[in-house]
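Single-structure report; data block below.
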Amino acid sequence: MTYVTPDLCDAYPDVAVVEPMFANFGGRDSFGGEIVTVKCFEDNSVVKAQVDQPGKGKVMVVDGGGSLRRALLGDMLAARAAKNGWEGIIIYGCVRDVDVLAQTGLGIQALASHPMKTDKRDIGDLNVTVTFGGVTFRPGEYVYADNNGIIVAAHELKMPE
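Numbered per the working numbering, the sequence shown finishes at 162, counting up by one with no gaps.
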């Protein structure tokens, strides 16, 4: 499904809008779904485990602490997420392999690109409430993203006709 965040904001004025700091890196410009959160810092072990889980109708929201020193997602993990049906991944941090990510059937938004991978120390939290960009993301709520921005709602939104 294609989501247009300005239309959703017009139809649902109570949504929360994430501060504009994200860029689109994925092959899908528009995506949305139920929030699954990961909180980690320069260690993508939990992200790596989650991309292998079924993701239909879900968006992984990764609070990487805003680190610009390591990439929390690259081409191999993105391909696994797409294969397992994830709608998209939003990363408060960096990605790498951006040319391949742009060809992947997955919505991906992040702060920037960085060529260095993370260390794997198995440190991170799954499905905890995270806050960044002026918005709180709660597991089970909904997030929608396109080239206009990212919005969060307590319940699933329908595109207006």
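Built from N, CA and C at the ideal position, the CB exists for glycine as well.
For residue i, the first and last residue of its enclosing beta strand (DSSP E)
i   : result
K84 : Per DSSP, K84 belongs to no beta strand (DSSP E); it is in the alpha helix (DSSP H), D76 to K84.
V16 : Note, V16: premise wrong, no beta strand (DSSP E); not H, not E.
V5  : Premise fails: V5 is in no beta strand (DSSP E) and is neither H nor E.
G94 : G89 to V96
C-beta atoms of residue i and residue j nearer than 8 Å
i    : j    : result
V16  : A154 : yes
L74  : I109 : yes
V18  : G141 : no
A146 : L107 : no
M61  : V96  : no
D98  : D76  : yes
I152 : T6   : yes
T1   : N45  : Nothing can be reported for residue 1, as the shown portion of the chain is limited to 2 through 162.
V144 : I91  : yes
D1   : M160 : Given a span of 2 to 162 for the chain in the structure shown, any question on residue 1 remains unanswerable.
Cβ separation of residue i and residue j, assumed to be a contact under 8 Å, to the nearest whole Å
i    : j    : result
G34  : G58  : 5 Å
L78  : K121 : The pair is not a contact, with the Cβ atoms about 12 Å apart (cut-off 8 Å).
L102 : Y13  : The pair is not a contact, with the Cβ atoms about 29 Å apart (cut-off 8 Å).
G86  : G56  : 5 Å
Extent of the continuous alpha helix (DSSP H) to which residue i belongs
i    : result
V101 : V99 to L102
Stretch-stretch touch, CB-based, cutoff 8 Å, three pairs: the segment 25-32 with the segment 119-129: The segment 119-129 and the segment 25-32 do not touch, with fewer than three beta-carbon pairs separated by less than 8 Å.
Inspect the CB distances between the segment 65-75 and the segment 104-121 and report whether three or more fall short of 8 Å. Because the criterion of three Cβ pairs below 8 Å is met, the segment 65-75 and the segment 104-121 touch.
Enumerate, from N- to C-terminal direction, the unbroken beta strand (DSSP E) stretches of 3 or more residues contained entirely within the segment 114-161. Counting whole runs of 3 or more residues, the segment 114-161 contains the beta strand (DSSP E) stretches 131-133, 136-138, 143-147 and 150-154.
Can you confirm whether the segment 33-43 touches the segment 52-69 when touching is taken to mean that 3 or more C-beta pairs between the two stretches lie within less than 8 Å? Contact holds between the segment 52-69 and the segment 33-43, because three or more Cβ pairs, one in each stretch, are under 8 Å apart.
Ordered list of alpha helix (DSSP H) runs contained in the segment 29-69, each at least 4 residues: As far as the segment 29-69 is concerned, its whole alpha helix (DSSP H) runs of at least 4 residues are 46-51.
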